[in-house]
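S.K.:
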Ligand SMILES: Cc1cc2nc3c(=O)[nH]c(=O)nc-3n(C[C@H](O)[C@H](O)[C@H](O)COP(=O)(O)OP(=O)(O)OC[C@H]3O[C@@H](n4cnc5c(N)ncnc54)[C@H](O)[C@@H]3O)c2cc1C
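Residue numbers (our numbering): 24 to 479.
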């Protein structure tokens, strides 16, 4: 019987192990997990910390018993410390510090990512936190339960920063966000980011963009955070959420090649340059479907798909990863912001001739109560009419996620903006319009793009 070892037990690792076992029930599948939380949804941490999810145990996608019942031999609190690729062995250190070897025929590396620790003086002080693992969340929770802080500062206004701003506001805290870039949420178009910022300020989140935090010091009044441009603020807790980096050292030491963003280089089958070794999830690079190139886009959705493919292929299959589009959706209080594909600047940099249009419409017929506005910006290529990307901002009740998914599906199928006008989308007055807001945007885009062409 041949054997598969999977290093990592989060989204990518568990998908790989489950799929491999499904494909070949005779395969011996063993999973090494550095922590005690296999298959937990770290995407849910902001909602656990807000109190909306009452118990961290509810974040488990599957229980340990369910994973084991699938025939997977799980070793928790077991950190892989070396891959001996020549001898097909993984050396792991267990909880009791004992080292043990696992022999594999095929190996999947799914070691994920870790929080970037920016070079800020004082980042190691007590009451300064990062947020990526279950343990990180327990530290924050314990601090909040013990000290009942009233003032928080979040470094980084990406999607996790935004989710945490809301999470901490649930506790009535005074929340400030500091972002070194000129706008919050740099993955969406600046105009939508600007609107979102105004909304966050209405929700009493103080936002400081274009400010780089330099140092944190403890004073009698609390943690004093210093930034450039004379920024100073005293708070009770600091949360640094400025992005992640791939955990790829294990792979490097085994002679496995790295690619984009120092993530493990993989082909479309999630195979590394080393025979019999696959990689998936946040530790690996991602094939960008639209740009037809490797990129680094660490997201749970991608980790699940890549993990499944790595598992399939490690068990003898030949499944191809169809690529990411960077599709993302974030709830921010009562609003939802979403994106898919590429923005104008990225399109230009990749040789397209992009044109964008932004419209605000209604999620459903205005005469039916509860209609919500949605702002949608779509970008397409003027030369070919191809849809390239979209950003959306609207109310939680406005089905923003459904709409970004329609656009993601269009991008997946390399559709033109005009194609959007012809798609048979659903309609009933309480839920939509005969011409959905996506189609209205597409119509405006076509008018604008042809005007541009006429005058150029
Ligand atoms: C707060 C937060 C919110 C998020 N929200 C979203 C969201 O809404 N949507 C979305 O798509 N994505 C979201 N993400 C991103 C998503 O969670 C990650 O992309 C996803 O978890 C990556 O899965 P992974 O399995 O590749 O790696 P990770 O989740 O990083 O897991 C790595 C695994 O490897 C193990 N490991 C590491 N090193 C070793 C070793 N040497 N030996 C043994 N085991 C090891 C770890 O213990 C862990 O089990 C969020 C992330 C965070 C932190």
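Glycine included, every Cβ here is placed at the ideal spot set by N, Cα and C.
In this text the structure is predicted, and so the values were computed from the model without any measurement.
For residue 84, verify whether its CB is less than 7 Å away from any heavy atom of ligand 1.
M.R.: Numbered from its first residue, the chain shown carries residue 84 at position 61. Residue 84 Cβ: outside cutoff for every heavy atom of ligand 1.
S.K.: Looking at residue 482 and ligand 1, is the gap between the Cβ and the nearest heavy atom below 7 Å?
M.R.: Residue 482 lies beyond the stretch modelled for the chain, which goes from 24 to 479, so this question has no answer here.
S.K.: Under a Cβ-count criterion, where at least 16 other Cβ atoms within 10 Å of its own Cβ denotes burial, should residue 336 be classed as buried or exposed?
M.R.: On the chain shown, residue 336 is found 313 positions in, with the first residue counted as 1. Buried, since its Cβ has 16 or more Cβ neighbours within 10 Å.
S.K.: In whole angstroms, what separates the C-alpha of residue 84 from that of residue 64?
M.R.: Residue mapping note: residue 84 aligns to position 61 of the chain shown, counting from 1. Residue mapping note: residue 64 aligns to position 41 of the chain shown, counting from 1. C-alpha separation (whole angstroms): 6 Å.
S.K.: If you run the structure through DSSP and keep just helix, strand and coil, what is residue 42?
M.R.: Along the chain shown, one-based indexing puts residue 42 at 19. In this structure, residue 42 counts as helix in the three-state DSSP scheme.
S.K.: Any heavy atom of ligand 1 closer than 7 Å to the beta-carbon of residue 190?
M.R.: Translated into positions along the chain shown, residue 190 becomes position 167. Result no, Cβ not under 7 Å from ligand 1.
S.K.: From the DSSP output, which residues share a beta bridge with residue 152?
M.R.: Here residue 152 refers to the residue found at position 129 when the chain shown is read from its first residue. Its beta-bridge partners are 262.
S.K.: Tell me the DSSP secondary structure of residue 210 in three-state form.
M.R.: Taking the chain shown and counting its residues from 1, one reaches residue 210 at position 187. Residue state, collapsed to three classes: coil.
S.K.: If you measure between the beta carbons of residue 333 and residue 57, is that distance less than 8 Å?
M.R.: For the purposes of this step, residue 333 is taken as residue 310 along the chain shown, with counting starting at 1. For the purposes of this step, residue 57 is taken as residue 34 along the chain shown, with counting starting at 1. Their beta carbons are not under 8 Å apart, which means residue 333 does not touch residue 57 by this criterion.
S.K.: Across the stretch 304-320 and the stretch 274-293, are there enough close Cβ pairs to call them in contact, namely three or more that are closer than 8 Å?
M.R.: Cβ pair count under 8 Å is three or more, so yes.
S.K.: In this structure, how does DSSP classify residue 168 when only helix, strand and coil are distinguished?
M.R.: Sequence index remark: in the chain shown, residue 168 carries index 145 (1-based). Reduced to three states, the DSSP call for residue 168 is helix.
S.K.: Determine whether the beta carbon atoms of residue 440 and residue 410 lie at a separation below 8 Å.
M.R.: Walking along the chain shown from the start, residue 440 turns up at place 417. Walking along the chain shown from the start, residue 410 turns up at place 387. Contact flag set, yes.
S.K.: Whose CA, out of 433, 107, 454, lies closest to the CA of residue 276?
M.R.: Your numbering for residue 276 matches position 253 in the chain shown. Considering only alpha carbons, the answer is 107.
S.K.: Grab the span of the alpha helix (DSSP H) containing residue 428 for me, first residue to last.
M.R.: Counted from its first residue, the chain shown places residue 428 at position 405. Residues 423-435.
S.K.: So the candidates are 236, 459, 208; which of them puts its Cα closest to the Cα of residue 422?
M.R.: Locating residue 422 in the chain shown gives position 399, counting from the first residue. Considering only alpha carbons, the answer is 459.
S.K.: Return the chain-ordered list of same chain residues with a C-beta closer than 6 Å to the C-beta of residue 263, the five sequence neighbours on each side being excluded.
M.R.: Stepping through the chain shown from its first residue, residue 263 is reached at position 240. Result list for residue 263: 153, 178, in chain order.
S.K.: Check whether the Cβ of residue 314 sits closer than 7 Å to any heavy atom of ligand 1, and report yes or no.
M.R.: Translated into the one-based positions of the chain shown, residue 314 becomes position 291. It does not: the Cβ of residue 314 is nowhere closer than 7 Å to a heavy atom of ligand 1.
S.K.: Among the residues of its own chain, which have a CB less than 6 Å from the CB of residue 471, if the five just before and after it don't count?
M.R.: Walking along the chain shown from the start, residue 471 turns up at place 448. Cβ within range, chain order: 380.
S.K.: Skipping 5 residues on each side, what residues in its chain have a beta carbon closer than 8 Å to that of residue 143?
M.R.: Within the chain shown, numbered from 1, the residue matching residue 143 stands at position 120. Contacts found: 178, 236, 237, 238, 239, 263.
S.K.: Taking all protein chains shown into account, decide if residue 121 is buried (16 or more other Cβ within 10 angstroms of its Cβ) or exposed.
M.R.: Position 98 of the chain shown, counted from the first residue, corresponds to residue 121. Answer is exposed; the Cβ neighbour count stays below 16.
S.K.: Which class does residue 283 belong to by DSSP, given the choice of helix, strand or coil?
M.R.: In the chain shown, residue 283 corresponds to position 260, counting from 1. Residue state, collapsed to three classes: helix.
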